[in-house]
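Chemist:
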Amino acid sequence: MLALTSTTLAQTPPPPPKPATAPVYTWQNVEILGGGFVPGVVFHPTEKGLVYARTDIGGAYRFDGAAGRWVQMLDFLGKADSQLYGVLSIGLDPQNPDRVYLAAGEYLGGNARKGAILISKDRGKTFTKTELPFWLGGNADGRSTGERLVVDPANPQTLWLGTSRDGLWRSADAGLTWTKNALPAEHVLWVLPDGKGSLYAGVEAKDGKSFYASHDNGATWVAVPGTPKGLMPHHAEFDAGGLLFMTFADGIGPNGVKDGAVRHFDPDNYHWFDITPLKPTTETFGYAGLSLDKQNPGTLVVSTINRWGSGDEIFRSTNGGKSWTPLSKKSAFDTSEAPWLLPYAGGSHDHLGHWIGDIDIDPFDSSRVFYVTGYGLWENRELASIDTGAKLNWRFTNQGLEETAVLELVSPPVGAPVFSALGDIGGFRHDDLTSAKDSTYFHPNGVHTRGMDFAEAKPSLIVRTSDRPPFGYYSEDGGKTWTGFASRPPTVTGNDYQTMGIGVSADGASWVWMPAKSEPYVSTDEGQTWVKSTGAPVNSESHIFPIADRVNPKKFYLYDNRKKTVYASEDGGLTFKVVTSNAVDWGGRMRAAPGNEGHLWVGGWNGLNVSDDGGKTFSTLPGFQEAWAVAFGKSAPGETYPSLFVWGKLNDREGLYFSSDLGARWVRLTTPSKQFGSIRGVMAGDPKVFGRLYIGTDGRGVLYGDFKLPEAKQ
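Be aware that the sequence shown starts at 1, since it is given in the UniProt record's numbering, and climbs by one per residue.
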């Protein structure tokens with residue numbers, strides 16, 4: 001077995017650095033810009049320039065106007081709280097701009113974490129947490145409606161929260177405790193107090209009871225007559241005269257919408273007025289986003305949603321909805337900072353975008369407006385000039401806002417620093433870590449890039465799998481150009497399939513692919529043909545990933561963490577045999593160490609496990625109570641074994657750890673304010689830069705860290 005503290009594999013570690021030159025570790029995003037759904041933007045109603053954005057899986061942001069960047073507020077969340085990165089709503093205190101409240105939680109039921117209210121008194125620099133007894137669906141249907149967490153403008157101690165399926169709740173102590181309200185609805189889409197004792201709410205219902213009013217501070221409620229049957233209000237806003245404007249759709253979105261309307265309602269006499277700009281006919285769609293210009297009464301904008309035929313539209317009115325102007329043909333889009341937007345989805349998104357669930361005019365600047373899409377934010381600062389016939393120039397204002405879900409990372413020993421396999425948008429060859437415009441988008445791609453690997457001894461050969469035809473691509477020039485697979489295994493059917501992981505032998509001659517619900521298949525002719533492996537299990541739960549030995553081109557491994565079993569092949573993946581049924585159960589992704597034949601590392605509930613005999617036996621490294629992911633980086637000077645990076649719990653402290661001496665000493669790379677939620681088990685050390693680690697998050701994009709020596713004190 002591998003002697004974990006033996007000097008035969010690692011030289012005697014150097015003495016610890018002096019305090020004046022003690023290394024610190026710095027983190028920043030690999031710039032992609034956006035890449036995921038941003039369901040809502042919220043301007044502060046009384047503080048000029050203060051604006052927030054919420055995402056469904058990537059946290060919440062405050063915009064730094066001086067820097068022109070979004071600032072992530074939730075990186076303090078650790079593994080156990082990672083699902084609080086799904087932010088369902090943002091509540092702002094009109095009387096105190098420093099206070100911000102977040103309703104957080106991603107999923108509903110099952111093994112999901114229950115929701116919480118995150119409370120900040122310093123504009124999101126720090127938070128306290130109030131646990132909730134129910135789930136919140138920050139990544140569930142209806143997430144772009146709202147806002148459903150609101151502060152009473154007349155009494156900022158009173159907060160209202162519309163939940164995903166547990167009705168309406170009220171707090172009388174600024175979010176510290178909550179009690180359920182009597183509103184007769186389960187899914188509350190938004191809440192709107194008028195500051196005078198009346199309260200309005202939109203709910204999910206198709207029976208004409210999707211809009212409720214209370215005139216006694218929520219003690220009793222009435223379903224407002226005349227509410228459009230079959231439709232539900234997505235957004236609502238009062239104008240200066242007290243009229244309530246609303247957008248409606250027949251589904252809560254962001255998908256499944258076929259009908260909709262725009263109306264305004266007079267609370268004084270309960271009269272309705274239909275002001276729909278364009279009624280759905282044979283082309284189906286609904287209405288979602290809504291914003292009123294606070295500087296110019298009568299001016300408002302609305303957005304369609306799910307208008308898949310001719311593309312979603314934004315309409316603007318200057319007379320309270322009597323007439324409307326569509327903005328798409330008057331718009332131009334600057335993609336220079338994120339050129340990947342042009343080939344994204346086959347080039348079909350060169351119009352306004354999709355999932356325009358929210359749009360917001362700056363209450364202090366009639367020319368500034370944001371709208372959301374399924375891949376990021378667009379901003380315009382010329383909206384008012386459209387009245388003079390000027391063109392609207394939209395900017396993709398996502399600097400600092402990174403929301404990709406990362407499925408795999410590889411960092412070859414030559415060429416670009418890192419390659420990312422991403423959900424929804426494909427992936428990148430990141431030529432420049434600090435610039436999306438100077439990196440190479442995977443084009444073509446099949447929406448989700450599931451698996452990726454390179455040949456260790458021939459690193460210019462990179463292979464990746466994607467969920468749409470041709471289901472995989474390979475590059476022989478380090479990711480500059482790509483060729484699609486000529487064929488697929490017979491188990492990969494239809495036009496949308498979870499292709500999962502692929503391993504490439506050290507010499508690049510054999511590719512072992514293990515799609516979902518399939519045995520592994522091997523190609524020795526660059527994807528022209530595929531031969532089924534024998535002796536291997538079926539990837540029934542998409543949990544088995546082929547692992548290529550980084551030295552011996554004939555060796556591959558499979559790790560079934562459900563059955564504690566490791567399989568090995570010594571003929572390029574054509575046949576596999578069980579080498580142990582006593583590996584750690586429910587471990588993370590197993591990784592093969594570069595430069596060391598048969599060395600396999602895997603984290604698990606029991607700590608960090610390592611084998612030096614091709615998975616036949618494992619030993620457990622002392623110190624780690626749990627480990628969830630492992631990666632390898634450049635060796636330290638004088639060392640022969642790669643540096644180790646581990647995401648786990650060492651001596652009861654969760655974090656990312658680094659060792660250059662085979663685990664004799666560990667350096668913690670994360671801090672309480674920089675934990676990044678869930679890393680999905682996707683990490684890659686850089687073999688070219690000592691100490692650099694890339695991590696792939698579940699909605700926070702790709703981040704990388706470097707050691708930095710602070711300046712010595714004079």
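Positions of the beta carbon are idealized from the N, C-alpha and C atoms, including for glycine.
For clarity, every value in this text was computed on a predicted model and none was experimentally measured.
Could you check whether Ala629 and Gly607 sit closer than 8 Å to each other, using their CB atoms as the reference points?
Modeler: Residue numbering aside, residue 607 sits at position 607 when the sequence shown is read from its first letter. Residue numbering aside, residue 629 sits at position 629 when the sequence shown is read from its first letter. No, these two residues do not count as a Cβ contact at 8 Å.
Chemist: Do Leu377 and Glu313 have their C-beta atoms within less than 8 Å of each other?
Modeler: Start at 1 with the first residue of the sequence shown, and residue 377 comes out as number 377. Start at 1 with the first residue of the sequence shown, and residue 313 comes out as number 313. Contact: no.
Chemist: Determine, using beta carbons only, whether Val512 comes closer than 8 Å to chain C.
Modeler: The structure shown contains no chain C; it is built from a single protein chain.
Chemist: Anyone know if the C-beta pair for Ser411 and Gly685 falls short of 8 Å?
Modeler: The sequence position of residue 411 within the sequence shown is 411, counting from 1. The sequence position of residue 685 within the sequence shown is 685, counting from 1. Yes, these two residues count as a Cβ contact at 8 Å.
Chemist: Cβ atoms of Thr145 and Leu74: under 8 Å apart, would you say?
Modeler: Here residue 74 refers to the residue found at position 74 when the sequence shown is read from its first residue. Here residue 145 refers to the residue found at position 145 when the sequence shown is read from its first residue. Their beta carbons are not under 8 Å apart, which means Leu74 does not touch Thr145 by this criterion.
Chemist: Taking the alpha-carbon positions, what's the Asp359 to Pro184 distance?
Modeler: Residue numbering aside, residue 359 sits at position 359 when the sequence shown is read from its first letter. Residue numbering aside, residue 184 sits at position 184 when the sequence shown is read from its first letter. Before going on, a small fix: residue 359 reads as Ile here, not Asp. Ile359 and Pro184: Cα-Cα distance of roughly 29 Å.
Chemist: Please report the distance separating the alpha-carbon of Gln95 from that of Leu132.
Modeler: Here residue 95 corresponds to residue number 95 of the sequence shown, with the count starting at 1. Here residue 132 corresponds to residue number 132 of the sequence shown, with the count starting at 1. Taking the straight line from one Cα to the other gives about 25 Å.
Chemist: Where does the unbroken beta strand (DSSP E) through Ile117 begin, and where does it stop?
Modeler: Your numbering for residue 117 matches position 117 in the sequence shown. Its beta strand (DSSP E) spans residues Ala116 to Ser120.
Chemist: Excluding the 5 residues preceding and the 5 following His543 in the sequence, name in chain order all residues of the same chain whose CB lies nearer than 8 Å to its CB.
Modeler: Locating residue 543 in the sequence shown gives position 543, counting from the first residue. Taken in chain order, the residues that qualify are Asp560, Asn561 and Arg562.
Chemist: Ends of the beta strand (DSSP E) at Lys129?
Modeler: As a first step, residue 129 must be located in the sequence shown, where it is residue number 129. Lys129 -> beta strand (DSSP E) spans Thr128 to Glu131.
Chemist: Is the separation between the beta-carbon of Gly701 and that of Gly35 shorter than 8 Å?
Modeler: For the purposes of this step, residue 701 is taken as residue 701 along the sequence shown, with counting starting at 1. For the purposes of this step, residue 35 is taken as residue 35 along the sequence shown, with counting starting at 1. Yes, Cβ-Cβ distance for Gly701 and Gly35 is below 8 Å.
Chemist: Would you mind sorting Pro297 into buried or exposed? The rule is 16 or more other CB atoms within 10 Å of its CB.
Modeler: Counting from one through the sequence shown, the residue named residue 297 turns up at place 297. Counting Cβ neighbours within 10 Å, Pro297 comes out exposed, since fewer than 16 surround it.
Chemist: Please identify the residue among Gly218, Val203 and Ala140 whose C-alpha is closest to the C-alpha of Ala172.
Modeler: The residue you call residue 172 lines up with position 172 of the sequence shown. Closest by alpha carbon: Gly218.
Chemist: Only counting the same chain, and skipping five residues up and downstream in sequence, which positions put a Cβ closer than 7 Å to that of Ala244?
Modeler: For the purposes of this step, residue 244 is taken as residue 244 along the sequence shown, with counting starting at 1. Looking at the sequence shown, residue 244 is not Ala but Leu. Taken in chain order, the residues that qualify are Tyr200, Ala236, Phe238, His264, Phe265 and Pro267.
Chemist: Closer than 7 Å: is that where the CB of Ala506 sits relative to any heavy atom of the ligand SAM?
Modeler: No copy of the ligand SAM occurs in the structure displayed, which carries no ligand at all.
Chemist: Considering Cα atoms alone, identify which of Ser475, Ala516, Tyr474 and Gly508 is closest to Thr493.
Modeler: Along the sequence shown, read from residue 1 onward, the residue named residue 493 stands at position 493. That would be Ala516, whose Cα lies nearest to the Cα of Thr493.
Chemist: Inspect the beta-carbon positions of Pro546 and Gly501 and report whether they are closer than 8 Å.
Modeler: Translated into positions along the sequence shown, residue 546 becomes position 546. Translated into positions along the sequence shown, residue 501 becomes position 501. Going by C-beta atoms, Pro546 is nearer than 8 Å to Gly501.
Chemist: Can you list, in chain order, the residues of its chain whose CB lies under 7 Å from that of Ser487, leaving out five sequence neighbours each side?
Modeler: Working through the sequence shown from its first residue, we reach residue 487 at position 487. So the qualifying residues of the chain are Gly527, Gln528, Thr529 and Trp530.
Chemist: Do you know whose CA, among Ile679, Arg143, Thr128 and Gly78, lies nearest Leu108's CA?
Modeler: Counting from one through the sequence shown, the residue named residue 108 turns up at place 108. Minimum Cα distance to Leu108 is reached at Arg143.
Chemist: Between Asp496, Ala436 and Val301, which lies nearest to residue 731 when the distance is taken from Cα to Cα?
Modeler: It is not possible to answer for residue 731, since the shown part of the chain is limited to 1 through 714.
Chemist: Taking Gln83 as the reference, give the member of Ala66, Asp64 and Asp56 with the closest Cα.
Modeler: Residue mapping note: residue 83 aligns to position 83 of the sequence shown, counting from 1. Of Ala66, Asp64 and Asp56, the residue nearest in Cα terms is Asp56.
Chemist: Please report the straight-line C-alpha distance between Ala241 and Gly320, rounded to a whole angstrom.
Modeler: In the sequence shown, counting from the first residue as 1, residue 241 sits at position 241. In the sequence shown, counting from the first residue as 1, residue 320 sits at position 320. Contrary to the premise, residue 241 reads as Gly rather than Ala in this sequence. Roughly 11 Å separates the two Cα atoms.
Chemist: Among Phe76, Leu176, Thr388 and Gln157, which one has its Cα closest to the Cα of Ala116?
Modeler: Residue numbering aside, residue 116 sits at position 116 when the sequence shown is read from its first letter. Taking only the C-alpha atoms, the option nearest Ala116 is Leu176.
Chemist: In its own chain, which residues sit with a C-beta less than 8 Å from the C-beta of Thr220, not counting the 5 before and 5 after it?
Modeler: To locate residue 220, count along the sequence shown from 1; it is residue 220. So the qualifying residues of the chain are Ala182 and Ser214.
Chemist: Is Lys79 near Glu476, with beta carbons less than 8 Å apart?
Modeler: Numbered from 1 along the sequence shown, position 79 holds the residue referred to as residue 79. Numbered from 1 along the sequence shown, position 476 holds the residue referred to as residue 476. Against a cut-off of 8 Å, the Cβ pair of Glu476 and Lys79 comes out as no contact.
Chemist: Give me the DSSP bridge partner(s) of Pro233.
Modeler: Looking up residue 233 in the sequence shown gives position 233. Looking at the DSSP assignment, Pro233 forms a beta bridge with Phe248.
Chemist: Give a yes or no on whether the C-beta atoms belonging to Ala103 and Leu88 are separated by under 8 Å.
Modeler: Working through the sequence shown from its first residue, we reach residue 103 at position 103. Working through the sequence shown from its first residue, we reach residue 88 at position 88. Their beta carbons are under 8 Å apart, which means Ala103 touches Leu88 by this criterion.
Chemist: Taking the alpha-carbon positions, what's the Lys708 to Pro23 distance?
Modeler: Counting from 1 along the sequence shown, the entry for residue 708 is found at position 708. Counting from 1 along the sequence shown, the entry for residue 23 is found at position 23. Going by the C-alpha atoms only, they are around 6 Å apart.
Chemist: Suppose you measure from the CA of Ile695 to the CA of Lys229; what does that come to, to the nearest Å?
Modeler: Along the sequence shown, read from residue 1 onward, the residue named residue 695 stands at position 695. Along the sequence shown, read from residue 1 onward, the residue named residue 229 stands at position 229. When rounded, the distance between both Cα atoms is 48 Å.
Chemist: Determine the direct distance from the alpha carbon of Lys532 to that of Ala593, and round the result to whole angstroms.
Modeler: Walking along the sequence shown from the start, residue 593 turns up at place 593. Walking along the sequence shown from the start, residue 532 turns up at place 532. Each residue's Cα considered, the two are about 26 Å apart.
Chemist: Mind checking which residues open and close the beta strand (DSSP E) that includes Arg263?
Modeler: Here residue 263 corresponds to residue number 263 of the sequence shown, with the count starting at 1. Start and end: Gly260 to Asp266.
Chemist: Which residue or residues does DSSP assign as beta-bridge partners of Ala223?
Modeler: Stepping through the sequence shown from its first residue, residue 223 is reached at position 223. Tyr212.
Chemist: How many Å lie between Ser673 and Trp27 at the Cα?
Modeler: Residue numbering aside, residue 673 sits at position 673 when the sequence shown is read from its first letter. Residue numbering aside, residue 27 sits at position 27 when the sequence shown is read from its first letter. Roughly 11 Å between the two C-alpha positions.
Chemist: Applying the criterion that 16 or more other CB atoms from any shown protein chain within 10 Å of the CB defines a buried residue, is Pro14 buried or exposed?
Modeler: Residue numbering aside, residue 14 sits at position 14 when the sequence shown is read from its first letter. Confidence is the limiting factor: at Pro14 the pLDDT is only 41, short of 50, which leaves the residue's position unreliable and the question unanswerable from this model.
Chemist: What does the alpha-carbon distance come out to for the pair Gln399 and Gly86?
Modeler: Here residue 399 refers to the residue found at position 399 when the sequence shown is read from its first residue. Here residue 86 refers to the residue found at position 86 when the sequence shown is read from its first residue. The alpha-carbon atoms of Gln399 and Gly86 are separated by roughly 20 Å.
Chemist: Using a Cβ-Cβ cutoff of less than 8 Å, which residues in the same chain neighbour Lys196 once the five nearest sequence positions on both sides are dropped?
Modeler: Residue numbering aside, residue 196 sits at position 196 when the sequence shown is read from its first letter. For Lys196, where only same-chain residues beyond five positions count, the Cβ hits under 8 Å are Ala154.
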